[in-house]
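Going by my numbering, the first residue of the sequence shown is number -1, and it counts up by one from there.
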Amino acid sequence: MQRSSFPPGLYVAATPIGHLSDISERVRQALTECDLLYAEDTRRARALLAALGLHRPKSSIRALHGHNEKIALNAVLRELDAQKSIVLISDAGTPAVSDPGSFLVRAAWESGLQVAALPGPSAVISALSISGFVRWPMSFWGFAPTKAGARRSWLSHVLEVRGIAVLFEAPHRAASCLADCAAVFGPETLMLHAREMTKQFETLLRGTIAEVAIQLEYNSKPCSSKTQAHPKASWSGSLILVIGRLKAKARHR
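Take a look at the structure:
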């Protein structure tokens, strides 16, 4: 591996959420030139490097994920103290937002170490940018709880924050999550449902929550929602839900 042109520090790098061409030249450079690469999944990291035609020693690719982040902190901080340049990536998109990395970033700041962003693809910002929902502020909530009761309670908290809400959901819970969204936010609330963004089977559904729920269940039937769906798309892949124009729930005194 060639000598790194990146000064010592932690570089939080955004990788493609689907289309490989979305990676920046600066991130490509960091992936090969930084001393160490910490990845959410080392196998996926190696696959990404191979797909991009990039190479680096296998021993310089290390794991940092939700199960080991707090344990691995001290080792990473020691490497940074030793004047190493370290690039941090997640499986896709920008690390430390919904994916692992925030504990490491905070620890690096608190230790007086250099932290820098290598910006690029973000599922949250990409979905928000094509939603057409213009009322601010915007809040991001990450993944919804898996249990129905906890999810409805969580959505009630979302409702208390005025503006646009962005949340993630697993594909096998899409229908139940939309039902809960309709119950909490109201079925006529506007929504953008995005799946597999920038990939071959990208699917975008926009309309009221009720319309999107119908289109999700009966994808071959016409609906008044605005739809861009691949005919061969199967309902797999993480979902991004952008909820438009929420009005803060009134608090009873």
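Every residue gets a Cβ at the ideal spot worked out from N, C-alpha and C, and that includes glycine.
Within the region 85 to 138, the complete alpha helix (DSSP H) segments of 4 residues or longer fall at 100 to 108, 121 to 127, listed in chain order. In the DSSP annotation of this structure, the continuous segment of the alpha helix (DSSP H) that includes ALA146 starts and ends at 146 to 157.
Contact check for ALA114 against VAL10 passes: the beta carbons are separated by less than 9 angstroms. Pairing HIS53 with LEU190, the inter-Cα distance amounts to about 38 angstroms. Burial check for VAL182: the Cβ neighbour count within 10 Å reaches 16 or more, so the residue is buried. One alpha carbon belongs to PRO169, the other to LEU214, and they sit about 11 angstroms apart. In terms of Cα proximity to MET136, the closest of CYS175, ILE123, GLN27 is ILE123.
The beta carbons of ASP97 and GLU38 sit about 6 angstroms from each other, so the pair counts as a contact at 8 angstroms. For the 9 angstroms CB-CB criterion, ARG150 and ASP178 form a contact.
The alpha-carbon separation between LYS145 and PRO5 amounts to approximately 45 angstroms.
The three-state secondary structure of SER83, taken from DSSP, is strand. Contact between LEU165 and GLY140 holds: CB atoms are separated by about 7 angstroms, below the 8 angstroms threshold. Setting aside the 5 residues that flank it on each side, LEU126 is surrounded in the same chain by MET136, ILE162, VAL164, VAL240, each with a C-beta closer than 8 angstroms to its C-beta; the list follows chain order. Here the alpha carbon of HIS17 sits roughly 17 angstroms from the alpha carbon of ILE128. Annotation for GLU23: the continuous alpha helix (DSSP H) segment containing it runs 23 to 31. By the CB criterion at 9 angstroms, ILE15 and PRO119 fall inside the cutoff. Taking C-beta atoms as the reference points, LEU46 and VAL85 fail to come closer than 9 angstroms. If you compare the alpha carbons of GLY205, GLU186, GLU158, SER236 with that of ARG193, the shortest gap goes to SER236. The alpha-carbon separation between THR40 and ALA105 amounts to approximately 22 angstroms. Inter-residue distance for TRP152 and LEU116 is about 32 angstroms (C-alpha atoms, whole angstroms).
Rounded to whole angstroms, the gap between the alpha carbons of ALA208 and PRO143 is 21 angstroms.
In the three-state scheme derived from DSSP, where H, G and I count as helix and E and B as strand, LEU52 is classed as coil. A Cβ-Cβ separation of about 5 angstroms places LEU78 in contact with LEU111 under the 8 angstroms criterion.
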